[in-house]
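The block underneath contains the structure these notes are about, expressed in structure tokens.
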Amino acid sequence: MERISSVEDFIHFRQLILDEPEDDNPCIVISAGTCGQASGANDIIRITKRHILEQNFHDQISLRITGCLGNCEMEPFMLVEPGNTIYSKPEMEDVKRIIDATVEGNIIEEMVYTENGGQKKYHSMQEIPFFKNQTRTILGKNQKLDPIRILDYLRARGYAAFEKVISNPDPDWIINEITKAGLRGRGGAGFPAGRKWESARRSGNGSTKKFVVCNADEGDPGAYMDRSLLEGNPHAIIEGMIIVGIAIGAGQGYIYVRREYPLAIKHTLIALRQARDIGILGTGIMGTNIDFDIKIIRGAGAFVCGEETALIRSIEGKIGQPEQRPPYPVTKGIWGCPTCINNVETLANVPVIISDGADKYTKVGMPGNRGTKIFSLVGRIRNSGLVEVPFGTTIREVVYNIGGGPWDNKKIKAVQTGGPSGGCIPENMFDLPIDYESLTAAGSIMGSGGMIVMDEDTCMVDISRYYTNFLKGESCGKCSTCREGIQRMNEILTNITEGGGNIEDLALLEELGKVIKDASLCGLGQTAPNPVLSTLRYFRDEYIAHIEEKRCPALVCKAFIQYMIDNDKCTGCGICKKNCPEKAIEGELKKPHSIVQDKCATCGICYDLCKFDAVLKTGVTNA
Amino acid sequence: MPNIIIDGIGFDAPEGWTVLEAARFLGIDIPALCYHEGLSPGGGCRLCVVEIGEGDNTKMVSSCTYAVEEGLVVHTATVRVIRARKMILELLISQCPTSKTLQDLAAKWGLQHVRFTPKWEDCIHCGLCVRMCEEQMMAKAIGFVNRGNELKITTPFDITSEDCRKCGACMYICPVCTVRCEGAAPESVLCGRCENSLQPTCLEFYDNFSCWMGLKGECGTCVKERFEEKKED
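Residue numbers (the numbering used here), protein chains in the order written: chain A, 78 to 700; chain B, 161 to 393.
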């Protein structure tokens, strides 16, 4: 495609695309983000394509392959527009039937989505509680566009904000609009984006040697908002970055994305090439004197490189270790030049604010926390996936109305927010509105938006042990408090879960946690003790049960559990005996088996394999 | 020159100084392990933390990396600072109990007990040697490898590097490779701590005996002798 060389031409070009009449044919949407592909979306795409070709349906049906729509539970699925009917997890044969029915304009009633195998059929995506209760300003666009087609993005009113900005490049207006909208950084700390841009704009003595960085180094266990945004809608991020570039007067942008996200890298590279071809990126954009280009930097996957000073050092090619702030990156960043670092989600919000105006944006959310936030709702919950809700929504609404409550009627105990640096919020505080301040006051953080639901089968001591174990390997190791402190915390917690703890350990954990929070250099160390401190605050009884009663209330810690076989239920099928790695199960075929406790390593394989629920998990009894 | 207040003392510090330099200029003692006048600041050991700000709005920063700025209020010895400093020492000394520098610091700051299992390592990863090699010796022969609990300082791929001239500057600047005297109990995490205790350890064993070496119990010879005797009994 030819490079567009003037603003007028671009406006005309966009108008041409928007004026195109809508396709009347039904459209089959298949989401094929990394998550969709893993659950088998590629096979469905292949069959769909072949069936359309074989039956010569090209004129009667269209196919769109999109990024992730958010609901992991129903993947892989086929969504039929216009009606937005969802067929979840279709078999290979069903795919052909669905296509045939769609061409005829019918719906296959028996295959329509039901929530978790329930009776109620949801004929439209908007009726499904998971989608109904969300406000999908950012994520909603994923359904409408194929990430590798720039025309799809333009058709979905994309690059409208770019057009607005390039026809009148006024940094003051942009920054003012962002400040008015009250956009806060979605990376975790919630720093006002407008203020950050203003400082970046003022520093550097008018030089254009400034940088815009998109921080896509998402490393929290169980969080994948940034990945699905980059995979599903890379042009929105590019558009956001150009606007930041114009606002602060930068000439170069970097997208720092981890190598673990190959599909995100692929889609972003394609999007960048298209944007360059069309003339949205490059020198003299649209005939103006604005230069801006974007490069991808692939990170090696160190969690700490999401911290901005470590990220800068990583881009410079040095070891990813954070540095003292101030000087902040906005005054002294990459190679000493002013650098404005924004999270993927923040950048995805920018085009929305600029094209629709700050006034419309501030209607959503609550004072001080405007707009929506994407969470990855995972853990022991019915509908896991990405949810986008306005700030101020309570945790209860997210967990029960959108998430659909717990699995198998267990009781939900807590929600862990903010990844490894966040804390656990107990069930009795679920009416807390989700905003930066409330979560901090409750001893957790917003973080990038991970939300892990835990029920009574989760041991809180084991959870904090898990997080310290993750962090002890992911700390950069530069400062002594973080490196040594987290290792010691992990040591103490491991000792408690193995039955060796004593009650003074709890005081030591608290003292140590406070010092790590106080004296560490970067955000990782300063928030690392949060999981331990918050579980100590809300679930102290579980720690005490481990230490004093030598009992794990959730039956997780191996030192405190044993497996037994219920003689009444055991049919003697022998499957447990065959699979026991320790050869600890004895018994003749067709007769009840038994476990030799001395040999048992409490691995739980028999418990998972038994089809008759004959293997019981109990606390250790000395008798 | 920015005017700053350190522990209540107003002071016009030259532009570009760090809080640590200003405090030491005023004679205020702040311990620091990874700081050296001739090298760029590291901020890794965290021993030099101070509290900045006033009222409820205070935070802790490492004084060796924090540049002075107009109106900065610094407290170098609040309860919060001392508590953190002792905890950091406890962490470091349990990592590397054989270091004389650490033992001296522990004695000076009154560290009474170590609650962590000793690791008996030889390095506290302060990074002084890395900076020395890069900045003063212009060799860049050693560097940090890995991260987190696997962090170590070594030559590339752990093999003898051609860039290393074996000048020994890394050993010269290392704060922990000066081995402590073994004292009464070599296996203890905290040694005899003679440095700051008013009664040298020698006196506990030989009543009113003044050490002929005049080293106020630093040598540990007497104690060691006595210890050997005890073992033989």
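Ideal Cβ placement from N, Cα and C applies to all residues, glycine included. Fair warning: this is a prediction, and the values are worked out from it, not measured in the lab.
Selection from the options that minimises the alpha carbon distance to residue i
i, options, result
"B:Cys324", "B:Met161, B:Lys312, B:Arg184 and B:Met298", "B:Met298"
"A:Asp635", "A:Ile652, A:Ile573, A:Lys646 and A:Tyr615", "Reading off the sequence shown, one finds Lys at residue 635 of chain A, where the question assumed Asp. Minimum Cα distance to A:Lys635 is reached at A:Ile573."
"A:Ala266", "A:Gly600, A:Arg141, A:Ile355 and A:Leu388", "A:Gly600"
"B:Trp177", "B:Pro201, B:Ile169, B:Ser254 and B:Pro191", "B:Pro201"
"A:Asp354", "A:Ala118, A:Ser541, A:Leu228 and A:Lys591", "A:Leu228"
"A:Glu187", "A:Pro206, A:Tyr164, A:Glu204 and A:Phe208", "A:Tyr164"
"B:Leu288", "B:Val336, B:Gln255 and B:Arg275", "B:Val336"
"A:Glu131", "A:Cys501, A:Ile342, A:Gly442 and A:Ile176", "A:Ile176"
"A:Gln203", "A:Glu158, A:Glu240 and A:Gln398", "A:Glu158"
"A:Lys218", "A:Gly259, A:Arg279 and A:Ile142", "A:Ile142"
"A:Gly602", "A:Thr365, A:Leu583 and A:Leu548", "A:Leu548"
"A:Ile184", "A:Met169, A:Lys166 and A:Asn161", "A:Asn161"
"B:Leu199", "B:Tyr332, B:Arg291 and B:Arg307", "B:Arg291"
"A:Gly500", "A:Pro399, A:Val476, A:Ile472 and A:Asn607", "A:Asn607"
"A:Gly788", "A:Glu97, A:Glu581, A:Val242 and A:Asn148", "The question about residue 788 of chain A has no answer, for chain A in this structure spans 78 to 700."
"A:Ala519", "A:Ile502, A:Ile529, A:Thr535 and A:Gly527", "A:Ile502"
"B:Lys312", "A:Thr471, A:Gly309, A:Ser244 and A:Glu561", "A:Glu561"
Same chain only: Cβ atoms within 6 Å of residue i, ignoring 5 sequence neighbours per side
i, result
"B:Trp372", "Confidence in B:Trp372 is poor, its pLDDT being 44 and thus under 50, which makes the residue's placement unreliable; the coordinate value appears in the next sentence. Correct list: empty, nothing qualifies."
"B:Cys286", "Leu193, Cys194, Gly204 and Cys205"
"B:Ile248", "Arg206 and Leu207"
"B:Ser357", "With a pLDDT of 47 at B:Ser357, under the threshold of 50, the modelled position of that residue is not reliable, and the figure given next carries that caveat. Result list for B:Ser357: empty, nothing under 6 Å."
"B:Gln359", "Legend: pLDDT at B:Gln359 = 43, less than 50; position of this residue unreliable, value from coordinates given subsequently. So no residue of the chain qualifies."
"B:Gln263", "Arg340 and Cys351"
Chain-order list of residues whose beta-carbon lies under 7 Å from that of residue i (same chain, five-residue window excluded)
i, result
"A:Gln137", "Asn102 and Val180"
"B:Ala182", "Ile164, Ile166, Phe171, Ala173 and Val228"
"A:Arg402", "Thr386"
"A:Glu337", "Gly378"
"A:Leu146", "Ser108, Asn219 and Gln220"
"A:Ile392", "Tyr331, Tyr333, Ile374 and Ile411"
"A:Ile430", "Glu254, Ile255, Ala258, Leu260 and Tyr438"
"B:Ser222", "Gly203, Arg206, Cys208 and Val209"
"A:Asp100", "Ser139"
"A:Pro246", "Ile323, Thr365 and Ile367"
"B:Val233", "Ile165, Ile212, Gly213 and Glu214"
Anticipated Cβ contact below 8 Å, residue i with residue j, distance rounded
i, j, result
"A:Met151", "A:Ile107", "About 12 Å separates the two Cβ atoms, so there is no contact after all."
"A:Asp370", "A:Leu358", "5 Å"
"A:Cys559", "A:Ser597", "5 Å"
"B:Gly308", "A:Ser552", "5 Å"
"A:Phe616", "A:Arg628", "About 14 Å; that fails the 8 Å criterion."
"A:Arg459", "A:Gly481", "4 Å"
Cutoff 8 Å; reference residue i; Cβ partners in own chain excluding five residues on either side
i, result
"A:Arg565", "Leu589"
"A:Val172", "Ile121, Ile124, Thr125, His128 and Met155"
"A:Gly262", "Phe268, Pro269, Ala270, Lys273, Asn419, Asn420 and Thr423"
"A:Glu474", "Asn210 and Val466"
"A:Glu587", "Leu610 and Leu613"
"A:Val407", "Lys273, Ser276, Ala277, Ser280, Pro415, Thr416 and Cys417"
"A:Gly649", "Gly664, Glu665, Leu666, Lys667, Lys668, Pro669 and His670"
"A:Ala425", "Ile215, Leu306, Asn310, Ala313, Ile314 and Gly317"
Residue i: CB within 7 Å of a non-hydrogen atom of the ligand FAD
i, result
"B:Gln296", "What this structure holds is no ligand at all, so the ligand FAD is not there to describe."
Legend entry - Residues of the segment 523-557 of chain A with Cβ closer than 7 Å to any Cβ of chain B, in chain order: Lys549, Gly550, Glu551, Ser552, Cys553, Gly554, Lys555, Cys556 and Ser557
Inset, instruction - Starting from the N-terminal side, write out each stretch of the alpha helix (DSSP H) that is 4 residues or longer and does not extend beyond the segment 475-540 of chain A. - result: 513-518
Inset, instruction - Give the residues from the segment 350-376 of chain A that approach chain B closer than 8 Å (Cβ to any Cβ), ordered along the chain. - result: none
Inset, instruction - Return the chain-ordered ranges of every beta strand (DSSP E) run that is complete within the segment 364-442 of chain A and spans a minimum of 3 residues. - result: As far as the segment 364-442 of chain A is concerned, its whole beta strand (DSSP E) runs of at least 3 residues are 370-376 and 416-420.
Inset, instruction - Quick one: which residues of the segment 560-574 of chain A get their C-beta closer than 9 Å to a C-beta of chain B? List them in chain order. - result: Arg560, Glu561, Gly562, Ile563, Gln564, Arg565, Asn567, Glu568 and Ile569
Legend entry - Whole runs of the alpha helix (DSSP H) within the segment 578-640 of chain A, excluding any shorter than 4 residues: 581-596, 600-604, 607-615 and 617-625
Inset, instruction - Below 7 Å between beta carbons is the criterion; list the residues of the segment 176-209 of chain B that meet it against any residue of chain A, in chain order. - result: Gly203, Gly204, Cys205, Arg206 and Val209
Inset, instruction - Below 7 Å between beta carbons is the criterion; list the residues of the segment 392-408 of chain A that meet it against any residue of chain B, in chain order. - result: Ile396 and Gln401
Legend entry - Those runs of the alpha helix (DSSP H) which lie wholly inside the segment 647-673 of chain A and span at least 4 residues: 652-656
Legend entry - Minimum length 4: unbroken alpha helix (DSSP H) runs contained in the segment 227-279 of chain B: 239-255 and 260-268
Legend entry - Selection of the segment 280-303 of chain B by Cβ proximity to chain A, strictly under 9 Å: Ile284, His285, Cys286, Gly287 and Gly303
Inset, instruction - Only counting runs of 4 or more residues, tell me where the alpha helix (DSSP H) segments fall wholly within the segment 317-354 of chain B, in order along the chain. - result: 329-333
Legend entry - Residues of the segment 306-330 of chain B whose Cβ lies closer than 8 Å to any Cβ of chain A, in chain order: Asn306, Arg307, Gly308, Asn309, Glu310 and Leu311
Inset, instruction - Return the residues of the segment 634-668 of chain A that lie within a Cβ-Cβ distance of less than 8 Å from chain B, sorted by chain order. - result: none
Legend entry - Runs of alpha helix (DSSP H) lying entirely within the segment 154-199 of chain A, each at least 4 residues, in chain order: If you keep only unbroken alpha helix (DSSP H) runs of at least 4 residues inside the segment 154-199 of chain A, you get 169-181.
Legend entry - Secondary structure, beta strand (DSSP E): runs of 3+ residues fully inside the segment 102-163 of chain A: The qualifying runs are 104-108, 139-143 and 154-158.
Inset, instruction - With 7 Å as the limit, tell me which residues of the segment 412-438 of chain A have their beta carbon closer than that to any beta carbon of chain B; keep them in chain order. - result: none
Inset, instruction - Compile a chain-ordered list of the residues in the segment 244-266 of chain B whose CB is closer than 7 Å to at least one CB of chain A. - result: Ala244, Met247, Ile248, Leu251, Leu252 and Gln255
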